[in-house]
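Heads up, the thing below is written out as structure tokens.
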Amino acid sequence: MKMTVNGQRERLKDWSQINWRQMNKAVRNLRRRIFRASETGNFRKLRNLQKLMMRSYANLLLSVRQITQTNQGKQTAGIDKEVINSPAQRVKFVNTWKGGNQKPVRRVEIPKKNGKMRPLGIPTVRDRVMQAIVKNTLEPEWEARFEPNSYGFRPGRSCQDAIEQSFTRLSDNPRGSNDKWVLEADIKGFFDNIAHESILKMISNFPKRGVIEGWLKAGFVLNGKLNPTETGTPQGGVISPLLANIGLHGLETYIKSTNHRLGVVRYKAINGRSLPQLATAEEKRKLLLFTR
């Protein structure tokens, strides 16, 4: 199949004939260019490259593949009950693609070990695909900007990296003091309570800012009733972890400004990857503060 980064030369006919190595290379290269433009402060180039990524046919194909084929939640429908299962359905989906529509998420409440209920918001397939497209566009900009000791929900970073940084911080003892303190703290109900205004202010003039605002404000449907969302980002949205990290950007700098001797490591704690497993999962932000 012939293709360009910006679009296809002909309609997609056969899902099995897609050159996925070529698609991955195109998106990966464009992500790198976005990262470099953000890193060097070339914001005009950054926005132009992000617009290019939003139009990228390779980005669309990879996003459809991720949402309908790779993700464990691929069989989970949103409020429109649409699920894409077969290669033929994927071909039709791509050929008729007109973008997401910021529909309310389907709210599912699952029991936690402490007896309380944990809300999980499930966007429609089309919104999940659009979120994956936007994530590939927004994430490299912020990867160039995020604070160094943020490890949760970031590509190429893991809990092992957070552990290593914690060990390094505790081993750093220039004054010969053996007195070290570690404070572990959870950010309670983080995904449900983060302020929309904080996220929207951070992303500023990002080309799809209005689309992101639409997702944040779309509301949720529970037991057939539409409910507004004044705060938070759905735990189930593809882009939600990235938006959460953006909303927390600056926290490390602020904490260190209160005491220059403090060290900070921020990470995530998740148990469970599929919808059934998430019934007993705790998804949260954690902070480790080190001082001596």
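The opening position of the sequence shown corresponds to residue 60 in our numbering, with each subsequent residue numbered one higher. Glycine residues also receive a C-beta, built at the ideal position from the N, C-alpha and C atoms. Small disclaimer: the values here were computed from a predicted structure and weren't measured.
Assuming the contact rule is C-beta atoms closer than 8 angstroms, Met82 and Leu121 should be a hit. Round their C-beta distance to whole Å, please. Confirmed, about 5 angstroms.
When burial is assigned at 16 or more other CB atoms within 10 Å of the CB, is His319 buried or exposed? The C-beta of His319 has fewer than 16 other C-beta atoms within 10 Å across all chains shown, which makes the residue exposed.
Unbroken beta strand (DSSP E) runs of length 3 or more, entirely within the segment 91–128: which are they? You should have found no qualifying run.
Between the Cα of Asp245 and those of Ala277, Gln190, Asp139 and Val324, spot the shortest distance and give me the residue it belongs to. The residue with the shortest Cα to Cα distance from Asp245 is Val324.
Between which two residues does the alpha helix (DSSP H) containing Trp201 stretch? Counting along the chain, the alpha helix (DSSP H) containing Trp201 begins and ends at Val184 to Glu202.
What's the call for Lys194, buried or exposed, on a 16-neighbour Cβ count within 10 Å? Counting Cβ neighbours within 10 Å, Lys194 comes out buried, since at least 16 surround it.
Could you check what DSSP says for Ser263 in three-state terms: helix, strand or coil? Coil, per DSSP.
By how many angstroms is the C-alpha of Val167 removed from the C-alpha of Leu310? Taking the straight line joining both Cα atoms gives about 31 angstroms.
Taking the CB atoms as reference points, tell me whether Glu200 and Ile93 lie closer together than 8 angstroms. Yes, the Cβ-Cβ distance between Glu200 and Ile93 is below 8 angstroms.
Could you have a look at Val324 and say whether DSSP puts it in helix, strand or coil? Correct three-state label for Val324: strand.
Between Met113 and the rest of its own chain, which residues show a CB-CB distance below 7 angstroms, the 5 nearest in sequence each way excluded? Result list for Met113: Ile192, Thr196, Pro266 and Lys267, in chain order.
Contact belief for Leu285 with Gly278 at Cβ below 8 angstroms, rounded distance in angstroms: That pair is a contact at about 6 angstroms.
Strictly under 8 angstroms for the Cβ-Cβ distance: is Ile93 near chain D by that measure? Protein chains in the displayed structure number just one, and chain D is not present.
Leu105 beta carbon less than 8 angstroms from that of Ser115: Not a contact, by the Cβ cut-off of 8 angstroms.
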